[in-house]
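The sequence shown begins at 1 in full-length UniProt numbering and counts up by one.
Ideal Cβ positions, reconstructed from N, Cα and C, are used throughout, including at glycine.
The structure appears below as structure tokens.
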Amino acid sequence: MGDRPSDKQLCEALSELFVDRPVNYQAIANVAKHFSSHYVERALFEWVAPVCYSNALAPIPSIWTGFEPDQLWRDIVAHRQARAGAGLFRRVRWHAQQRFLRYYFAKEWRELSQYLSSGNPPIFNDR
């Protein structure tokens, strides 16, 4: 096993959940498996989703080949810095956004966490 991927590489992998194409959960899990499940969940919902979710919700997404890694990381760092210095109103707004993102993208997180826990594609019973 090689070196542990960086936070930037983890965020780049997680951003694939918000691109307009079929998601390769195994590829994301191959990067995310080097981190704890809790850390991956936090990175997804607190760092990546707030920056990328609008692409996934757009009727015609502007990004369908992937987010540019350096710009994505700059946007995530800027978001985290803004959140760290947020006043009461922004913290309340951020909390509401977090609840929405966790609800709206729960299926994606559930599927990814299945890959992380088993190392294999999940088997879903649709009955």
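- Where V31 is concerned, the enclosing alpha helix (DSSP H) starts and stops at Y25 to A32.
- Boundaries of the alpha helix (DSSP H) around D70: P69 to A84.
- Assigned with DSSP and collapsed to three states, W109 falls in helix.
- Judged by beta-carbon spacing, Y25 lies within the 8 Å limit of L112, meaning their Cβ atoms are closer than that value.
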